[in-house]
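Visitor:
In our numbering, the protein residues as written are 160 to 298.
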């Protein structure tokens, strides 16, 4: 076993050395290849972000859905639904289609309890909702 020259690498079981890539480039390339393969094989993962299914307010079971499959999207914990949950189908082209309109409207719930209080404590926590932060300070 001889070491590869600088700027090249070899994987176990591979014949010879080849130009090396930085880890982040390799990971990005692999991610793109996997996404393309999944689209070509009828999986709908690639369209999750485009439909808003990656929003913190949405909870769904659509990841990894194959062509012809169905999934639902509803509001995540800490959010109240205004309307109905969504039902989606994964079509043969690897895209989701809403069967009943669009994503549900999810309103952030107000934060209740556990607010800092007491003599000499200032905060801007009143009126905050899910996903928001507040600050406190001492007088």
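Even glycine gets a Cβ: it sits at the ideal position worked out from N, Cα and C. Note that the structure is predicted; figures quoted are calculated from it, not measured.
Which of the three DSSP states is assigned to residue 212 in this structure?
Guide: It is coil, neither helix nor strand.
Visitor: Should residue 247 and residue 232 be called a contact, given that it needs their Cβ atoms to be closer than 8 Å?
Guide: yes
Visitor: Is residue 204 buried or exposed, if buried means 16 or more other CB atoms sit within 10 Å of its CB?
Guide: buried
Visitor: In terms of alpha-carbon separation, which member of 274, 278 and 210 lies closest to residue 245?
Guide: 210
Visitor: Could you check which residue in 255, 252, 230 and 259 has the C-alpha nearest to that of residue 242?
Guide: 259
Visitor: Where residue 185 and residue 285 are concerned, what is the direct C-alpha to C-alpha distance, given to the nearest angstrom?
Guide: Per-residue confidence for residue 185 stands at a pLDDT of 47, beneath the threshold of 50, marking its modelled position as unreliable; the derived number appears in the next sentence. Cα-Cα distance, rounded: 47 Å.
Visitor: Could you check what DSSP says for residue 276 in three-state terms: helix, strand or coil?
Guide: In the structure shown, the three-state DSSP call for residue 276 is coil.
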